[in-house]
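In my numbering, the protein residues as written are 8 to 270. Heads up, the beta-carbon is just placed ideally off N, CA and C, and yes, glycines get one too. Reading through the structure tokens given below for one structure.
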């Protein structure tokens, strides 16, 4: 504008742009819940929910992302129309890579969805917002409470659950190909677009991987309930969040995991 009006002869902004470009952009620190921080995170989640510091909707939303690695909007926008209790699956029609995603439930996610259905808040969305007129869009207030109580050293954000899931996969020796299937990464082999996986095959893969992750997370819990310690036991989420029987606090194996579906 100044050049056009002949106030100045040269566009000084062009030179400034060249200088600024030398410094580049500041790299963003990628945060996640480390293995050493997991007990503090879980303790904070339990305590805040028990004291009504966060709602059961937020609690369940965070649990689902933690054990599935789903993206923020993928998890938040799940509708009841896409939850199939008979097939024990839930679907996300519109994912970031533009693919329809159907995931098998395991015991934890099955009980989570059943609990939310039993205590229904919204007819459309599994995780409704506080106004009950859409799905969750701003969970940061609840995440900040957890971050502060757990003393994580950073403000936890939804994508940190996805990075945590990915890190757990790596720590547990799960290969990148299998982890990529669960994370629904966009950069997958193009031939995968032409492969239709049977639900049985998909569930077997999901059981093997998510069971490892869920069992590991449960192993980090350590508190007393009815004079019985949860240390080394599993299914604590199901018992203390989703009304499963106390006898479900058992040592987890793939065999007794499958017995649950055969019952």
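May I ask which residues mark the beginning and end of the alpha helix (DSSP H) holding residue 46? 45–57
Is DSSP giving residue 110 helix, strand or coil here? strand
Secondary structure of residue 98, DSSP reduced to three states: strand
Please state if the CB of residue 53 and the CB of residue 157 are separated by a distance shorter than 8 Å. no
Own chain, CB closer than 6 Å to residue 56, minus 5 neighbours either side, in chain order: 66
Within the stretch 120–171, note down every full beta strand (DSSP E) run reaching 3 residues or more, in order along the chain. none
Residue 223 versus 176, 250, 252, residue with shortest Cα-Cα distance: 176
For residue 90, which of helix, strand or coil comes out of DSSP? strand
Mind checking residue 9: buried by the 16 CB within 10 Å criterion, or exposed? exposed
In its own chain, which residues sit with a C-beta less than 7 Å from the C-beta of residue 51, not counting the 5 before and 5 after it? 153, 156, 157
Using 10 angstroms around the beta-carbon of residue 111, count the other beta-carbons present and answer buried if the total reaches 16, otherwise exposed. buried
Residue 17 versus residue 37 - alpha carbon distance: 41 Å
Let me check understanding here. Comparing Cα to Cα, which of 101, 76, 120, 11 lies closest to residue 251? 120
Can you tell me which of 77, 115, 13 puts its alpha carbon nearest to the alpha carbon of residue 95? 115
Under DSSP, the alpha helix (DSSP H) around residue 11 begins and ends at which residues? Run containing residue 11: none; DSSP gives neither H nor E here.
Taking the alpha helix (DSSP H) that residue 16 falls in, what are its first and last residues? Here residue 16 belongs to no alpha helix (DSSP H), and DSSP marks it neither H nor E.
Residue 84 to residue 171 span [Cα, whole Å]: 21 Å
Hey, residue 61 and residue 81: beta-carbon distance below 8 Å or not? no
With the cut-off set at 8 Å, would you say residue 68 and residue 143 are in Cβ contact? yes
With distances taken from CA atoms, which of 75, 64, 14 is nearest residue 173? 75
Below 8 Å between beta carbons: does that hold for residue 40 and residue 167? yes
I'd like the span of the alpha helix (DSSP H) that includes residue 83, first residue to last. 79–83
Whole-angstrom distance between residue 148 and residue 139, CA atom to CA atom: 17 Å
Alpha-carbon to alpha-carbon, residue 12 and residue 162: 48 Å
Terminal residues of the alpha helix (DSSP H) in which residue 75 lies: 63–75
From what residue to what residue does the alpha helix (DSSP H) around residue 251 run? That residue, residue 251, is in no alpha helix (DSSP H); it is neither H nor E in DSSP.
Short check: CB of residue 45 to CB of residue 169, under 8 Å? no
Quick one: Cα of residue 70 to Cα of residue 15, how far? 60 Å
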